[in-house]
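Numbering (the working numbering), first residue to last: 2 to 110.
Using N, Cα and C, we set each Cβ at its ideal position, and we do this for glycine too.
Values in this document were obtained by computation on a predicted structure and should not be read as measured data.
Single-structure report; data block below.
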Amino acid sequence: MLSGVLFFSLTAHAEDMPAMHGMHDMSQHSAMHTQMQTYQSQGVIKKITPDAISIAHKAIPALNWPPMTMQFALAKGSTFAPVKVGDKVDFTFVQSENGYQLVSLTPQR
């Protein structure tokens, strides 16, 4: 009787296998997540909070964005060169699940 239960269990899992065909290499999922498209621009710091920086940036043709002021999230534990309101900066960002997040922020000289 035990072998019948084991056989049924293996059969049920075997029937589920075609649905999992595309899931054989989950490493691609994490690779896609880490290879997000990055965008860059220049702008002026307008506001700084512990978790975000507002930047009045130039147009970003790759996104068809006109010049505007917007807030960019800071990743927990991220560190950038010290900046203050009014500083001109070069910056790079990605679109994350929670909006747009700064990847790099460099004061212009």
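Taking residue 72 as the centre and dropping the five residues before and after it, the same chain places the C-beta of 53 and 55 closer than 6 Å to its C-beta, in chain order. Contact between residue 49 and residue 86 holds: their C-beta atoms lie close to 6 Å from each other, under 8 Å. Taking the C-beta atoms as reference points, residue 41 is found no nearer than 8 Å to residue 80.
Rounded to whole angstroms, residue 38 and residue 105 show a C-alpha spacing of 14 Å. Relative to residue 90, the option among 108, 68, 62 and 51 whose CA is nearest is 108.
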